[in-house]
Amino acid sequence: MNAQGVLQLNQRLHQWMEQYNPELEKDIAQWLHKHAIDPPDDLARSFSLLDEEHRLLQIGVVGRVKAGKSSLLNALVFDGHAILPRAATPMTAALTTLTYGETFAAHVQLYDAADRANIEQNAARYQQRFKEEEARAADTLRQRRQRNGQHVEDEQFRTDVYKAARRALQGEHTLVAAHDQWQSICECKPDLNTLDRQLEAADANSLARQLKEYVATGGAYTPLTKSVDIFLPLPSLRNIRIIDTPGLNDPVQSREERTTVLLKDCDVVFIVSPAGQFLSEQDIEMMSRITQKEGVQELVLIASQVDNQLYGSDIRQPTLNGALDKITETLSAHMIDTLQRLKIQHPEIGGTFDGLIQNGAGKVLHTSGMCHSLSVRFDQQQGWDSSERKAWDNLQSNYPDFFTPDHIERCRANLDLLANTATLRDVLENVRAQKDRIIEQRREELIRAKSAALEAFRTDLLTFTQAKYHEVRNADIEDLKAQRRKLDSLMTVATYELDNMLGKCIDEFQDKLKKKLSKQLDSAYGSTSSSVDSAATETHRKKEVVRDSMVAKFANWAWGGGTETHIHTEFKLFWRKVYNELEQFAEGVAQNLKDTSGALTNLFREQLIQESTGVARRHLGDDLDAALIIRTNQGLVSSFKLPTFELDTSELRKLMRTGHHLLGSEARDYLDEAQHRLEEFKGEANQQIRQLISEIKHSLPSSYGNAYFQSMQERITQLEEQVENNLLTLDRLQRMAKALEAL
């Protein structure tokens, strides 16, 4: 099939869906998402872009928030200078594109009036939903406390209700993001009439200073910035366009939508994954989606922040090269194993990952934006920030023979070894040199991927239509009524066993949650606690002084005696390092525990479907249709709204300070407060784990059996109505199938 054939098939399928929307309305969304089916205009645009005569090579840079994407680009494009500000939170990260231009310039795209109205509307919906969840949580908690003989209303009660409502809404990402975004917009209150969205500068550093107002943490207009297009007269950007995305876990929906659209048109994708959490579920999901659904074949996988992995007891080696080799070998083995498993799970991927697997057999590509910055600015150490100073201190302390200040060239060579920038530039230059081949291959793969997706989509629709046809055709009204009567007679015993099954599954689920979440929390706490302590340095200087007495002064004059030793202690704390560690702990723990609880929840749902189907089949036997039993279980379990993990990190803002470091009592007070805050975070996380586990039972029906049989009876009733009008229903379904086959 050629591009025109793909576009025509896509157009015909959308016309078919529009014609038979009443039959498909409840089920079509899952298949559209499953096969990444594009609207006709979007797919036509993708092919049109590939056919442009002077098309730029589109290079996407993706990864989780704080994976080191901006640091990597600063190293590759700007020689290590911080032109692209590092955002502290997902909310302050802007979608950024880098393109060649004759002058240093930028175009800032802000949320327009329609965007802001939409954000405000969703923020208002969040508030309404929050009130509803608060009322529901209050009723549940009040009943629980009454059963336990506790006081009903107190400060802790209100706190628990608030937190329960927050957790209940965590899954509604659009509303949560809108609420947070609208708060930020209201706080900044910019004068939009005087805002200049076109920026021009004499050099990259001047442009970077202007950009801070739009994209950096604390920037006057940051909450309103949707995207930034930067134009630079740099040879490294000729014939290419680099797309720096906010992050795979971007909470801002409108920005995420633009990211998704841009990534669809990428010819090459650099996937940046932190060496400490290499190839997460989010990374793997992204790799799978862009290769299978969008036909992207050129992937470059990079392990970032590799310097953070040098200090573990299992990594430490006599030489820096030895430690780096051990890290990259471990990462390579993990990458190869992960990609091979992904190929087995998704055979349709074919040989897409073969290149990564073969190249990874040696060493995985690694980088450290921090080390590149230290190397480039080694002669400007007075300008290093606290994070850079701490990174340098760690390297000196752990590998003193390789980072001796007296040997500047040796220091730079070893920093460059960790940064690995030259290798990555070669990779970038290589894909640029192969632009024509990559674009042509991209076009072929897009045709293949979309053709396969459309055919699989049509197959699913045809299977659904045919199954529905046979179900209605073979059903008998009297038989359906008999099934309902049979259902009533079997309900009592089956309900008892289904309820026991639910209790058993819940117990196993709660046990797994407690063990895995607690283990993750303890591990993260221990690591962060050590890093916080290591951010402080204490130096002691001895000084001989003359005692304050006439005898001592005479002795000192006569023979140099009369002195005593005073020890001066300087306690220095790099507060930014502590703040970053706490921030990463709070956000990392919240995200990791949420991901883990989500993964375990999915397993729980699968187990519930499997177990409940087995129980129902044993009791209902051949008296009821097996497909009906399975669909009822799947529909029922998917409707359960289970609680998710959420950790409030707003208190962290109180630890913000100015300057590079703190001294003396101020430093000790800050460290005490930080350690206290860390303990609070851990305590809050532990409490969240306990509440998450205890709320599971309250989130599920009190009787699985009753809910199951009620759902099955509703399905049988619906089928009875269709059978009573079977001539019209069958004719309609038959025409649906014939039209679909003819496409």
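Residue 367 in my numbering sits at position 325 of the sequence shown, with consecutive numbering throughout.
Note that beta-carbon positions come from the ideal geometry of N, C-alpha and C, so glycine has one too.
- Of the residues PRO275, ARG383, ARG209, GLY318, the one whose Cα lies closest to the Cα of TYR353 is GLY318.
- In the DSSP assignment, LEU274 falls within the unbroken beta strand (DSSP E) covering 267-274.
- Residues ALA577, PHE616, LYS619 of the same chain have their beta carbon placed closer than 7 Å to that of LYS432, with the five preceding and five following residues left out of the count.
- Rounded to whole angstroms, the gap between the alpha carbons of GLN151 and LYS780 is 48 Å.
- When the five nearest sequence neighbours on each side are left out, no beta carbon in the same chain lies closer than 7 Å to the beta carbon of ALA156.
- For LEU624 against LEU713, the beta-carbon gap comes to about 11 Å, at or over 8 Å, which does not count as contact.
- By the Cβ rule, the segment 166-183 does not count as touching the segment 263-274, because fewer than three pairs are nearer than 8 Å.
- PRO81 is bridged by DSSP to nothing; it lacks a bridge partner.
- When DSSP states are grouped into helix, strand and coil, LEU98 belongs to the coil group.
- Rounded to the nearest angstrom, the gap between the Cα atoms of PRO743 and ALA749 is 7 Å.
- If you compare the alpha carbons of LEU74, LEU253, GLY261 with that of SER226, the shortest gap goes to GLY261.
- Counting only the Cα atoms, ALA495 lies some 11 Å from HIS75.
- Ranked by Cα distance from GLU144, the first of GLN50, GLY110, ARG419, ILE272 is ILE272.
- Counted as a single uninterrupted DSSP element, the alpha helix (DSSP H) harbouring LEU770 occupies residues 768-784.
- Its chain contains ARG419 as the residues whose beta carbon lies nearer than 7 Å to that of GLY425, once the 5 sequence neighbours on both sides are disregarded; these appear in chain order.
- Around the beta carbon of MET698, a 10 Å sphere encloses fewer than 16 other beta carbons of the protein chains shown; the residue is thus reported as exposed.
- Classified as exposed, ALA784 has fewer than 16 neighbouring CB atoms from the shown chains inside 10 Å of its CB.
- If you draw a straight line from the Cα of THR507 to the Cα of LEU775, it comes to about 6 Å.
- Note that the segment 481-500 does not touch the segment 405-419; fewer than 3 beta-carbon pairs, one per stretch, sit closer than 8 Å.
- DSSP places SER315 inside the beta strand (DSSP E), whose first and last residues are 310-316.
- Secondary structure note for VAL342: its beta strand (DSSP E) is the uninterrupted segment 340-346.
- Taking 8 Å as the cut-off, the beta carbon of LEU343 is found closer than this to the beta carbon of VAL406.
- When secondary structure is reduced to three states using DSSP, HIS703 falls in the coil class, being assigned neither helix nor strand.
- Within the same chain, and ignoring the five residues on either side of THR380 in sequence, the residues whose Cβ sits closer than 8 Å to its Cβ are LEU321, ILE326.
- When DSSP states are grouped into helix, strand and coil, ALA244 belongs to the coil group.
- The residue among ARG660, SER573, LEU705 with its C-alpha nearest the C-alpha of THR581 is LEU705.
- Under the three-pair Cβ rule at 8 Å, the segment 641-659 counts as touching the segment 540-556.
- ALA716 and PHE723 have their C-alpha atoms spaced approximately 10 Å apart.
- Beta-bridge partners of ALA148 (DSSP): LEU241, ILE272.
- DSSP, read as helix, strand or coil, puts THR287 in coil.
- The beta carbon of ASP245 is closer than 7 Å to those of PHE146 in its chain, skipping five residues each way along the sequence.
- Collapsing the DSSP output to three states places HIS221 in a helix.
- The beta carbons of THR409 and LEU114 sit closer together than 8 Å.
- Residue LEU118 holds the alpha-carbon nearest to the alpha-carbon of PHE312 among ARG452, LEU118, ARG490, LEU635.
- Of the candidates CYS413, ASN462, PHE627, ARG467, PHE627 places its Cα closest to the Cα of GLN562.
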